[in-house]
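Data block below; observations after.
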Amino acid sequence: MNIHHPTPQNRRSDLEPTLTYAPMHRAQAAPRGPYAPPSPAYPPRRPSPAYRAPARPVSGPTGAPPWHAAPPSPLGVAPAWPTPPWNHPPQSTPPPAPTTTQQPSAQTPPPPRRRKWLAAVAVTTVGAAAVLTFVVTGADGGDTADTPQATATSETPPPSTPSAPPISSTQLSDVLLSPAEAADLIDSSLLIGHEIDGARIFEKMSSGDIVDQDCVSLLPAMETAYRGSGFVAVREQSLRDPVANKRFTQSAVTFGDDDAASRYLETTKTAWEGCANRSVDFGLTESSSDHDFWSIGAVTDTDGVLTFTKTQEGGDGWSCQGALAARDNVVVDLFTCGEHVSGLTAVRLANAMTNKVDDAR
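Below, the structure is given as structure tokens:
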């Protein structure tokens, strides 16, 4: 496709585990409180001097502590009191022996005193076991309460938002504005096709070299400007208003991914800024006499839409606004021309096209 640069009368320009303690083997706890064996139904009899108490079987290991032996009797004979049911093997670390032992009288047998002392030992043992159980259980419970919460916090991944699928070549034409949509945005009553090409949608970029080739990206969809950028496909169309003498050329270009489209936008911004605020010759290099000078204004960035204004030298106010924007993997590249074009016309056109990217899927 040849370059058609718009002029008033000419053709177009194209996103710890829980600690578990092993169960502790605690000694069998003695009954709480002082133990009192059942009282005999008759008064105990004093044994005769010739009587000897039968040897009592050893209920614990050899060398059992002395507190299991019956206390001495004033008659030198141990009374045959029944062995309490709570007489069990001694613990590995017995409590200290009592400092004083009161001799029982001949009339009152000693077991009550002995029972109180043994009951105190049992209470002490139970208390120590209870403290130990509380410490172990408390520590375990604390870790159990805290650990799962910390683990859940550290292992829960942040939610991610899947990226939108890229626009394909078959969807690209849907990004272009219809003649009615474009006419409304450029304040035109009617837009029709170009004088030569009509309303045809081209699938190739414009070709050709201009005198100031470093500024060729100021023209939309030029193959030499997009060369090496990684673009995939293009759709381009030119429309005009024959009554109001207005023109509109729009193009949509797809890239392999969003990053490639964004890189082209940044690269072109740098090129535009190098051409701003000076005169640029858009004449074709193949013709030594075909010069086409335009004054280029400043480059502006309006919410991601790059724009510039160029005014034809000696063109009686004929001017054009160019715009470039990216949405996902699509770049929209356009310009609109008329007499004394100003304002945000190009920005509105670019935003309307990028909004159609989402609708094209």
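Basically the numbering used here = 1-based index in the sequence shown + 116. By construction, the Cβ of each residue, glycine as well, lies at the ideal position given by its N, Cα and C atoms.
- Look at the beta carbons and you see the region 361-370 not touching the region 412-420: under three pairs across the two are nearer than 8 Å.
- By the C-beta density criterion, residue 281 is exposed, having fewer than 16 other C-beta atoms within 10 angstroms.
- Beyond the five residues adjoining it in sequence on each side, residue 456 comes within less than 7 Å, by CB distance, of 433, 435 in the same chain, given in chain order.
- If you draw a straight line from the Cα of residue 444 to the Cα of residue 377, it is about 7 Å long.
- Separation of residue 372 and residue 390 (C-alpha to C-alpha, rounded to the nearest whole angstrom) is 27 Å.
- Around the beta-carbon of residue 367, 16 or more other beta-carbon atoms lie within 10 Å, marking it buried.
- Across the set 472, 346, 398, the C-alpha of 346 shows the shortest separation from the C-alpha of residue 379.
- Annotation for residue 446: 283, 288, 291, 368, 369, 370, 371, 377, 470, 473 place their beta carbon closer than 8 Å to its own, counting only its chain and skipping 5 residues before and after.
- In the structure shown, the three-state DSSP call for residue 425 is strand.
- A direct Cα-Cα distance of roughly 33 Å separates residue 308 from residue 393.
- When secondary structure is reduced to three states using DSSP, residue 348 falls in the strand class.
- Taking all protein chains shown into account, residue 328 has 16 or more neighbouring C-beta atoms within 10 Å of its C-beta and is therefore buried.
- DSSP places residue 320 in the coil class of the three-state scheme, outside both helix and strand.
- The alpha carbon of residue 315 has as its nearest neighbour, out of 352, 302, 348, the alpha carbon of 352.
- DSSP places residue 335 in the coil class of the three-state scheme, outside both helix and strand.
- Exclusion of the five residues before and after residue 341 leaves 332, 333 as the residues of its chain whose Cβ lies within less than 7 Å of its Cβ.
- Short of 6 Å from the beta carbon of residue 295, and not among the five residues preceding or following it, lie these beta carbons of its own chain, in chain order: 307, 355.
- Spanning the alpha carbons of residue 382 and residue 320 requires a straight line of approximately 23 Å.
- The beta carbons of residue 335 and residue 385 sit no closer together than 9 Å.
- Under the DSSP definition of a beta bridge, residue 442 partners with 447.
- Of the candidates 477, 430, 330, 442, the residue whose Cα lies closest to the Cα of residue 463 is 442.
- Contact annotation, residue 326 with residue 401: C-beta distance approximately 7 Å; criterion of less than 8 Å satisfied.
- Here residue 349 has 285, 288, 319, 369, 370 as same chain residues with Cβ atoms under 8 Å from its own Cβ, once five neighbours each way along the sequence are excluded.
- CA-CA distance, residue 337 to residue 312, rounds to 18 Å.
- Residue state for residue 360 is assigned as coil, using DSSP reduced to three classes.
- Residue pairing by DSSP puts residue 369 in a beta bridge opposite 350, 447.
- Assigned with DSSP and collapsed to three states, residue 311 falls in coil, not helix or strand.
- For residue 293, the three-state secondary structure derived from DSSP is coil.
- Taken through DSSP and simplified to helix, strand or coil, residue 465 comes out as helix.
- Only residues of its own chain outside the window of five on either side were considered, and among them 328, 331, 410, 412 have a CB closer than 6 Å to the CB of residue 396, listed in chain order.
- Spatial neighbours of residue 297 in its own chain (CB-CB distance under 8 Å, excluding positions within 5 residues in sequence) are listed in chain order as 468.
- In this structure, residue 461 sits away from residue 428, with a CB-CB distance that is not shorter than 9 Å.
- Checking the DSSP bridge columns, you'll see residue 418 partnered with 421.
- Residue range 374-391 is occupied by the alpha helix (DSSP H) that includes residue 378.
- In this structure residue 466 is in contact with residue 439, their Cβ atoms being roughly 4 Å apart against a cut-off of 8 Å.
- CA-to-CA, the gap between residue 453 and residue 375 works out to about 31 Å.
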